[in-house]
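Structure below.
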């Protein structure tokens with residue numbers, strides 16, 4: 063080999079790796095921008111909504127990307143409050159599963175906020191569709207999700223045209239869900255386990271447990287939940303607007319079970335008021351008169367031994383036409399007052415099979 067060929071060979075030996083390294087660096091630096099553009103395009107294509115992400119970080123070695131500042135809002139909303147506001151979402155590949163031939167991911171969301179503004183959502187009728195945005199968010203993670211974790215989240219229902227404004231919220235939401243799949247099951251199964259805790263308005267303690275199948279337009283589920291020791295005065299904006307009453311003292315509990323199969327729901331809710339006093343010192347004459355009238359019936363219908371006013375409300379039906387059974391609800395007020403006070407626990411007398419039977423019965427009627 064001549065000296066000139068040797069020099070040319072040495073140059074190529076160093077130049078080619080250098081070019082490859084530079085090319086990889088360029089790709090690595092530009093990749094977050096391509097991913098960000100893709101995510102923003104997915105959010106922009108959701109009918110009735112607009113969304114955006116501020117930044118995306120990639121960690122190739124860890125097999126992860128982190129989305130910063132992702133929000134989604136209604137196009138026709140009257141407020142600037144985002145419907146979804148996810149501060150930080152970390153999506154990573156689970157290496158243990160990858161070594162076993164499975165591609166699954168883990169998602170950890172920090173400070174996610176969901177604000178359901180009543181007026182904004184009413185304005186989206188016929189334009190926005192829950193299926194559209196939920197499917198779009200699922201498309202951002204087109205592989206199985208083995209573990210979903212929410213840290214310090216907030217879920218809220220706001221009605222801003224009410225006077226005063228109604229704000230029913232859960233804060234400090236900590237949620238863990240496992241085995242979320244992007245593959246539609248052919249049989250009725252609830253593959254995902256769910257556990258969550260939160261703080262309600264009035265500083266009540268919330269616990270939710272159950273199983274779900276999220277990969278459906280309307281998810282199937284079998285859940286039980288409890289809300290304990292919430293200050294009843296925190297409900298005043300809601301109860302004053304809808305019933306013309308407020309609480310001067312007392313606490314509020316809520317226990318329930320909920321099962322949904324193929325869009326058919328069966329459930330029960332057990333609200334319990336403890337040591338409640340309705341009349342406030344600053345109420346006007348007519349307000350005091352009305353609250354006194356309500357308080358008289360409360361006195362008759364409460365369990366004096368436990369000092370509780372409670373009932374158990376059954377709900378059942380297709381989600382487009384859920385019905386509450388009035389007579390059982392009323393009769394159970396008397397049961398709590400005069401026969402036996404309701405226990406402050408979820409009764410565990412409903413399950414997923416109850417909802418499937420109801421769904422099958424409804425489908426049989428429609429097919430005839």
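In the working numbering, the protein residues as written are 63 to 430.
Note that beta-carbon positions come from the ideal geometry of N, C-alpha and C, so glycine has one too.
Check: Taking DSSP as the reference, what is the three-state secondary structure of residue 128?; Outcome: strand
Check: Looking only at C-alpha atoms, which of 124, 218, 120, 126 sits nearest to residue 145?; Outcome: 218
Check: Could you give the distance in angstroms between the alpha-carbon of residue 131 and the alpha-carbon of residue 120?; Outcome: 15 Å
Check: By how many angstroms is the C-alpha of residue 422 removed from the C-alpha of residue 376?; Outcome: 19 Å
Check: Between residue 355 and the rest of its own chain, which residues show a CB-CB distance below 7 Å, the 5 nearest in sequence each way excluded?; Outcome: Because residue 355 carries a pLDDT of 48, less than 50, the predicted location of this residue cannot be relied on, and no value is offered for it.
Check: From this set, 294, 108, 115, which residue's C-alpha is nearest residue 102's C-alpha?; Outcome: 115
Check: Along the chain, where does the alpha helix (DSSP H) containing residue 109 start, and where does it finish?; Outcome: From DSSP, residue 109 is part of no alpha helix (DSSP H); its letter is neither H nor E.
Check: Assign residue 410 to one of three DSSP states: helix, strand, or coil.; Outcome: coil
Check: In its own chain, which residues sit with a C-beta less than 6 Å from the C-beta of residue 233, not counting the 5 before and 5 after it?; Outcome: 216, 261
Check: Can residue 309 and residue 297 be called in contact, C-beta distance under 8 Å?; Outcome: yes
Check: Which word fits residue 312, buried or exposed, when buried means at least 16 other C-beta atoms lie within 10 angstroms of its C-beta?; Outcome: buried
Check: May I ask which residues mark the beginning and end of the beta strand (DSSP E) holding residue 377?; Outcome: 375-380
Check: Grab me the residues of residue 275's own chain with a C-beta within less than 7 Å of its C-beta, minus the 5 sequence neighbours each way, in chain order.; Outcome: 247, 251, 252, 253, 254, 281, 282
Check: In terms of residue numbering, what span does the alpha helix (DSSP H) encompassing residue 392 cover?; Outcome: 388-396
Check: Distance, Cα to Cα, residue 231 vs residue 263?; Outcome: 6 Å
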